[in-house]
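Engineer: Numbering (our numbering), first residue to last: 2 to 65.
#1: Please report how far the alpha carbon of residue 4 lies from the alpha carbon of residue 26, in whole angstroms.
#2: Pick from 62, 24, 17: whose alpha carbon is nearest that of residue 8?
#3: Considering only their Cβ atoms, is the gap separating residue 28 from residue 54 smaller than 7 Å?
#4: Cutting at 7 Å between CB atoms, please list the residues of its own chain near residue 38, excluding the five before and the five after it.
#5: Check whether the Cβ atoms of residue 32 and residue 59 lie closer than 7 Å to each other.
#6: What number of angstroms, rounded off, separates the C-alpha of residue 14 from the C-alpha of residue 34?
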């Protein structure tokens, strides 16, 4: 699931809103350990571009 998530996010990384939408969907399906790995990967890969979106999405998901 993690590799699939990475592929999806790479393919939509050209658009901020689409990236956010897909990240939210992927987190609904991810297991807790996969979500942590995905967060680390997102920050390392897209943190300089979408750091605000990544923090917002992970914050909202962990509150739920």
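Cβ coordinates follow ideal geometry from the N, Cα and C atoms, glycine included. None of these values were measured; they are calculated from a predicted model.
Structural biologist: On the basis of the data shown:
#1: 15 Å
#2: 24
#3: no
#4: 3
#5: no
#6: 23 Å
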